[in-house]
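Numbering-wise (this note's numbering), the sequence shown opens with residue 38 and increments by one.
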Amino acid sequence: MATLPVKAFQYIQSFSCLAEQCEDTCCQNWPIAVTPRWVERAGQTAPELLNLIAREHDDYRIKKNDHNQCLALQHGRCSIHAARGEPALPDICSTYPRMYRRINELTVKSATMSCPEVTRLVLFSDAPFQLEEQLEDDYRSSASSLSTFDGLDDQGWVSTVNFFNELVLGSQRSAGDVLVQLYELVGQLNQVPYAQWGAAAAPLTRGYKLPAADPALIVTDPLLLVLFEITQAPFVPDSLRQSVMAAIDIEAGQTPQHNRVNLKPQVRELAYSAAGAALEPVLKRFMAAEMTRTGFPFISTTSAGQDYGVTLVEWAATLAIRTLALRYLLLVQAAAALPEAPDQQQIVDRVYRYCRAASHNGATVSEKVLRQAISQQGAPYLLALVRQTQQALH
38 MATLPVKAFQ YIQSFSCLAE QCEDTCCQNW PIAVTPRWVE RAGQTAPELL NLIAREHDDY
98 RIKKNDHNQC LALQHGRCSI HAARGEPALP DICSTYPRMY RRINELTVKS ATMSCPEVTR
158 LVLFSDAPFQ LEEQLEDDYR SSASSLSTFD GLDDQGWVST VNFFNELVLG SQRSAGDVLV
218 QLYELVGQLN QVPYAQWGAA AAPLTRGYKL PAADPALIVT DPLLLVLFEI TQAPFVPDSL
278 RQSVMAAIDI EAGQTPQHNR VNLKPQVREL AYSAAGAALE PVLKRFMAAE MTRTGFPFIS
338 TTSAGQDYGV TLVEWAATLA IRTLALRYLL LVQAAAALPE APDQQQIVDR VYRYCRAASH
398 NGATVSEKVL RQAISQQGAP YLLALVRQTQ QALH
């Protein structure tokens with residue numbers, strides 16, 4: 038088996054599947070697709086595995102049991118993995134939660150926070166975004182998509198990614214203010230050749246000042262609409278949906294389209310408390326992890342990448358929307374936990390469930406509408422949204 042050099046973030050290098058100890062295994066609920074290549078290989082080397090496969094037209098999937106679990110799952114462990122090792126697994130199973138991307142001659146390894154253990158490592162381990170290089174068997178990364186960026190070499194990619202991670206994690210600004218700064222910065226980088234991004238980014242941020250927030254009255258809270266729609270995704274627990282609904286005030290207008298939807302004052306007030314301040318490092322690590330997951334600022338042309346946005350400015354807007362909506366979700370959780378603060382496991386639970394709902398489904402209608410509004414009205418409008426998460430609407 039061939040090997041290749043991979044640039045990987047420390048959090049995924051530290052990852053080890055918890056198997057039967059996982060609080061929410063990926064071997065249940067989700068459809069598990071398999072490739073024709075894997076079906077052919079299984080037929081040649083382990084024909085008994087074909088009994089696990091269902092064919093739907095030209096697609097293949099692993100069959101499920103009566104509990105909506107993968108048929109290969111036995112007592113919390115994968116029977117294929119136990120009998121034949123990781124290389125025998127279907128591509129998606131051997132890879133998840135890892136994500137591979139090829140950028141010119143470079144292979145990059147990151148992961149998705151839809152996995153509880155990845156979320157734990159991202160939010161609470163030491164130096165999760167430190168880059169490491171290693172040789173790795175290519176059976177996982179061989180099918181990764183290729184993105185081409187003219188003139189960009191490995192060092193240029195490293196310097197750019199490290200700069201953006203430091204901008205997010207090392208800034209004294211709030212997470213919301215950093216989102217506005219990122220949004221304005223990528224608009225300027227669009228005019229710079231890829232090979233110069235690493236060198237050009239730092240001078241563009243020196244002496245940065247936030248714009249004036251758009252004073253236009255926002256009648257209803259678009260971020261709450263985004264959060265509401267995200268939590269309607271399949272397999273989101275009803276208790277999470279209900280906690281969001283219980284934290285929302287709806288003031289009827291002349292028509293449903295004119296209803297005012299806002300966070301209840303007692304929940305929003307937590308933004309000023311110690312509980313609200315404690316969310317800042319969580320949100321910043323979420324931002325950095327989303328950037329590693331999506332490849333930001335080197336945008337992808339895959340279908341998933343295009344769903345995040347078709348331009349770098351749209352990607353920055355999507356990152357802002359998802360971070361600010363998560364902030365609301367964590368404020369809702371903090372309000373429910375009073376007088377205690379949510380512990381690490383409770384935060385992990387909310388964040389990974391949010392990421393499963395947001396990242397494993399297409400962008401919602403309200404998210405697309407808000408993304409377009411930010412792209413059209415710019416940083417002043419985005420800053421108004423940020424400030425809106427910190428104070429009641431009038």
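Glycine included, each C-beta is placed from N, C-alpha and C at the ideal position.
To the nearest angstrom, report how far apart residue i and residue j are at their CA atoms.
i	j	result
Arg322	Ala83	42 Å
Pro376	Leu307	12 Å
Ile99	Glu170	34 Å
Leu241	Gln225	8 Å
Ala395	Ile267	6 Å
Ala250	Glu221	13 Å
Ala289	Tyr365	22 Å
Asn141	Leu361	33 Å
Phe161	Val155	10 Å
Asp258	Glu327	23 Å
Arg78	Gly113	25 Å
Leu356	Leu260	12 Å
Asp128	Gly193	30 Å
Phe265	Thr338	28 Å
Gly313	Leu368	7 Å
Ala429	Leu363	Model confidence at Ala429 stands at a pLDDT of 42, short of 50, so the residue's coordinates are unreliable; what they give is reported in the following sentence. Taking the straight line from one Cα to the other gives about 18 Å.
Gly122	Lys146	21 Å
Ala148	Pro274	23 Å
Pro68	His94	15 Å
Gln279	Val263	15 Å
Cys64	Pro417	44 Å
Val195	Leu168	8 Å
Asp96	Val76	11 Å
Phe272	Asn66	7 Å
Ala39	Gly213	44 Å
Cys54	Thr426	36 Å
Pro73	Leu204	43 Å
Asp61	Ala237	43 Å
Leu110	Ser116	6 Å
Met324	Phe200	14 Å
Ser131	Met150	17 Å
Leu189	Phe335	10 Å
Leu420	His118	49 Å
Leu316	Tyr389	15 Å
Asp191	Val223	20 Å
Who pairs with residue i in a beta bridge, going by DSSP?
i	result
Tyr97	Val71, Arg92
Ser184	Ile140
Val43	Gln171
Leu110	Cys115
How would you label residue i, buried or exposed, when you count the other beta carbons within 10 angstroms and need 16 or more for buried?
i	result
Gln228	exposed
Asn88	exposed
Pro42	exposed
Gly235	buried
Asn299	buried
Lys44	buried
Ala239	exposed
Glu57	exposed
Asn105	exposed
Val402	exposed
Lys246	exposed
Met287	The residue asked about is misnamed: residue 287 is Ile in this sequence, not Met. Flag for Ile287 reads exposed.
Arg387	buried
Glu404	buried
Tyr48	buried
Asn102	exposed
Val281	buried
Arg330	buried
Gly332	buried
Ser29	Because residue 29 is not part of the residues shown, which for the chain are 38 to 431, the question remains open.
Ala91	exposed
For residue i, name the three-state secondary structure that DSSP assigns.
i	result
Ile49	helix
Arg359	helix
Gln65	strand
Ile336	coil
Val347	coil
Gly122	coil
Ile189	Sequence check: residue 189 is Leu here, not Ile. Reduced to three states, the DSSP call for Leu189 is coil.
Asp128	helix
Pro379	coil
Ala400	coil
Asp258	coil
Phe323	helix
Can you find a C-beta in chain D that's less than 8 Å from the C-beta of residue i?
i	result
Arg138	No chain D is present in this structure, which holds just one protein chain.
Length-filtered (4 minimum) alpha helix (DSSP H) runs lying within the region 130-162
153-161
Enumerated in chain order, which unbroken segments of the alpha helix (DSSP H) with a length of 4 residues or greater are wholly contained in the region 265-303?
275-283
Residue ranges of each alpha helix (DSSP H) run of no fewer than 4 residues wholly in the region 207-246, ordered along the chain?
212-226, 234-242
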